[in-house]
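Top line first, the protein sequences correspond to chains A and B.
This note's numbering applies: residue 5 is where the first sequence begins, and numbers increase by one.
This note's numbering applies: residue 5 is where the second sequence begins, and numbers increase by one.
Glycine included, each C-beta is placed from N, C-alpha and C at the ideal position.
Predicted model only: the values in this text are computed from it and were never measured.
Protein chains: 2
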Amino acid sequence: MWSRPRKAPRQTLTLERIVAEAVALLDGEGVGRLTMRRLAERLDTGSTTLYWHVRTKDDVLDLALDAVFGEVRVPSRATMDDTTDGGGDGWHAPVRALIGGWRAALLRHPWSATILDRPLMGPNALERTEFLYETLIAAGLAAPKAAAYSLSNYVMGSVVMQVTWQDREEEGTEGFLRERADRYPALAEHGLDHEWDATFDEGLGYLLAGMEQARRQGTGRLP
Amino acid sequence: MWSRPRKAPRQTLTLERIVAEAVALLDGEGVGRLTMRRLAERLDTGSTTLYWHVRTKDDVLDLALDAVFGEVRVPSRATMDDTTDGGGDGWHAPVRALIGGWRAALLRHPWSATILDRPLMGPNALERTEFLYETLIAAGLAAPKAAAYSLSNYVMGSVVMQVTWQDREEEGTEGFLRERADRYPALAEHGLDHEWDATFDEGLGYLLAGMEQARRQGTGRLP
DNA sequence: CGAGAGACCGGATCGATGGTCTAGTAAGTG
DNA sequence: CACTTACTAGACCATCGATCCGGTCTCTCG
Numbered sequence: 005m006w007s008r009p010r011k012a013p014r015q016t017l018t019l020e021r022i023v024a025e026a027v028a029l030l031d032g033e034g035v036g037r038l039t040m041r042r043l044a045e046r047l048d049t050g051s052t053t054l055y056w057h058v059r060t061k062d063d064v065l066d067l068a069l070d071a072v073f074g075e076v077r078v079p080s081r082a083t084m085d086d087t088t089d090g091g092g093d094g095w096h097a098p099v100r101a102l103i104g105g106w107r108a109a110l111l112r113h114p115w116s117a118t119i120l121d122r123p124l125m126g127p128n129a130l131e132r133t134e135f136l137y138e139t140l141i142a143a144g145l146a147a148p149k150a151a152a153y154s155l156s157n158y159v160m161g162s163v164v165m166q167v168t169w170q171d172r173e174e175e176g177t178e179g180f181l182r183e184r185a186d187r188y189p190a191l192a193e194h195g196l197d198h199e200w201d202a203t204f205d206e207g208l209g210y211l212l213a214g215m216e217q218a219r220r221q222g223t224g225r226l227p
Numbered sequence: 005m006w007s008r009p010r011k012a013p014r015q016t017l018t019l020e021r022i023v024a025e026a027v028a029l030l031d032g033e034g035v036g037r038l039t040m041r042r043l044a045e046r047l048d049t050g051s052t053t054l055y056w057h058v059r060t061k062d063d064v065l066d067l068a069l070d071a072v073f074g075e076v077r078v079p080s081r082a083t084m085d086d087t088t089d090g091g092g093d094g095w096h097a098p099v100r101a102l103i104g105g106w107r108a109a110l111l112r113h114p115w116s117a118t119i120l121d122r123p124l125m126g127p128n129a130l131e132r133t134e135f136l137y138e139t140l141i142a143a144g145l146a147a148p149k150a151a152a153y154s155l156s157n158y159v160m161g162s163v164v165m166q167v168t169w170q171d172r173e174e175e176g177t178e179g180f181l182r183e184r185a186d187r188y189p190a191l192a193e194h195g196l197d198h199e200w201d202a203t204f205d206e207g208l209g210y211l212l213a214g215m216e217q218a219r220r221q222g223t224g225r226l227p
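Below you can see the structure in the form of structure tokens.
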């Protein structure tokens, strides 16, 4: 009786704590090692308990992913209105800020890139997408949907590619290509040693320039 | 003795048969239901046998994915040389052809979009990437790496997004956004009813226009 | 104050999975 | 005919997501 350990005080496990711990676990050990059991253990509880707060493991991933989107700072609307009023290319700045922050957040949590193949309907993701739409509409683009679509596709794709490759740089992939330089000469010459940030900016520049051109032509469509 | 069933004739299980069956299984039932056991069963063998031909399940996925890339027709070099010689924008056509075929192949096998987060080092993928590089270099772009990077990111991202969303159109996502139209007005108005092909082409147009502009400015870099 | 309701917790367990161990059998080669 | 190589399968292991069932804590209402 006396030796019986005092029951631990009630944990009041909350969704927020679960999500925070899931992100920490993912950051530390990667997506392959996120287990309901492990997550529960880190929260000092049983795996079953998690299922009271969450319906499936996918819920945890959805929540963790939206938490990452929550880290993206949304440029202030005031700034946006100032810069886009005149119909110039001032809209480039807020778009670059949003997209850049978006990319940075995903890169800060590389696991997020590997679970991007799910509907992004969390409040944080929606808020950022809404801002993107509004900015592109305010900029006077006649095809804001296509523009938003292109931009988000570009970020997602970039992050997936970077995460995929930069983690494997230590493995023999460098030598692999060099050995086959006869079959893939252009690849072998340009393929490796990525300066990720610069390359990303350059490509984003292509996109924005193309949109700007479409905007100036008024129709919103490229010829 | 007589009743003992005749031993099945030797199957000569080959990698090709495994990969073909894996693709068929993935096409038919999705990535979640590809199991070594199921795959073995469809090949009328034991799951262990597969491991003689393949080291892990990931190998199967790598092979299946590269098989998808193999479906992409590579535009002929002759055509490419003809159209890119003069330094005009003739390079747009082969690039559009490659990228379009790339996208079509991935969409034909929607599961492929969800396993794009792995190094694409299969011979088929490499061959297409090599062609893309060569085309962009021949076109006179000073930053062919950034261009190739942008284009592949764009295809990958587009396919992931389309696959993610079009499968879920029947679910209540349409109503979900409409209910929240006050919080996400722009999204609710433009978000749904995607004309995927047109939107994709429009965005590809932005990219190509931006690259063309960079090419004309000679530096290969946008200001 | 006290009892019931509902929020919360966890051990045991289920079915399935990726992968390995061990023990083979068919076919080609000397 | 021996013997190596290519190939096959059953039993098995650890682990996973998820559920069952039996609890325990806390708050509310009489």
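Heavy atom of the ligand GTP within 7 Å of residue i beta-carbon
i	result
B/Leu130	Absent from the structure shown: the ligand GTP. Ligands present: none.
Inter-residue Cα distance where the pair is residue i and residue j
i	j	result
A/Asn157	B/Gly161	4 Å
B/Val35	B/Arg100	29 Å
A/Gly50	A/Ile22	12 Å
B/Leu30	B/Leu38	6 Å
A/Ala147	B/Ala129	32 Å
A/Ala152	A/Val159	11 Å
A/Phe204	B/Ala150	7 Å
B/Arg187	A/Thr139	15 Å
A/Gln170	A/His194	16 Å
B/Val27	A/Gln221	45 Å
A/Val58	A/Leu67	10 Å
B/Glu131	A/Thr118	25 Å
B/Leu54	B/Ala71	18 Å
B/Pro79	B/Ala97	9 Å
A/Pro123	A/Arg112	21 Å
B/Glu4	B/Thr177	Because chain B in this structure spans residues 5 to 227, residue 4 of chain B falls outside the shown range and cannot be described.
B/Ala218	A/Thr52	57 Å
B/Ala213	B/Gly104	17 Å
B/Arg172	A/Phe135	23 Å
A/Glu199	A/Glu206	11 Å
A/Ala108	A/Glu45	30 Å
B/Phe180	B/Thr60	40 Å
B/Arg81	B/Thr168	34 Å
A/Asp93	B/Ala185	28 Å
Buried versus exposed call for residue i [16 or more other C-beta atoms within 10 Å across all chains shown]
i	result
A/Trp115	buried
B/Ala143	buried
B/Trp56	exposed
A/Leu208	buried
B/Gln166	buried
A/Leu47	buried
A/Leu102	buried
B/Thr18	exposed
B/Glu183	exposed
B/Asp62	exposed
A/Pro9	Below a pLDDT of 50, predicted positions are generally treated as unreliable, and A/Pro9, at 35, falls in that range; the measurement from the model is reported next regardless. Under this definition A/Pro9 is an exposed residue.
A/Phe73	buried
A/Ser154	buried
A/Thr133	buried
A/Tyr137	buried
B/Val64	buried
A/Ala192	buried
8 Å contact criterion, which residue i and residue j should meet: CB distance rounded
i	j	result
B/Val164	A/Leu110	That belief does not hold up - the Cβ atoms of B/Val164 and A/Leu110 are roughly 13 Å apart, past 8 Å.
A/Leu69	A/Gly126	7 Å
B/Leu145	B/Met215	6 Å
B/Leu43	B/Glu25	6 Å
B/Val76	B/Trp106	5 Å
B/Ile141	A/Ala190	6 Å
Where the alpha helix (DSSP H) through residue i begins and ends
i	result
A/Glu206	Trp200 to Arg220
B/Ala185	Segment: none, B/Ala185 is in no alpha helix (DSSP H) and carries neither H nor E.
A/Thr52	Ser51 to His57
B/Gly261	Nothing about residue 261 of chain B can be read from this structure; chain B reaches only from 5 to 227.
A/Leu191	Pro189 to His194
- Taking only runs that begin and end inside the segment 63 to 150 of chain B, name each unbroken alpha helix (DSSP H) of 4 or more residues, in chain order. 81 to 88, 96 to 112 and 127 to 142
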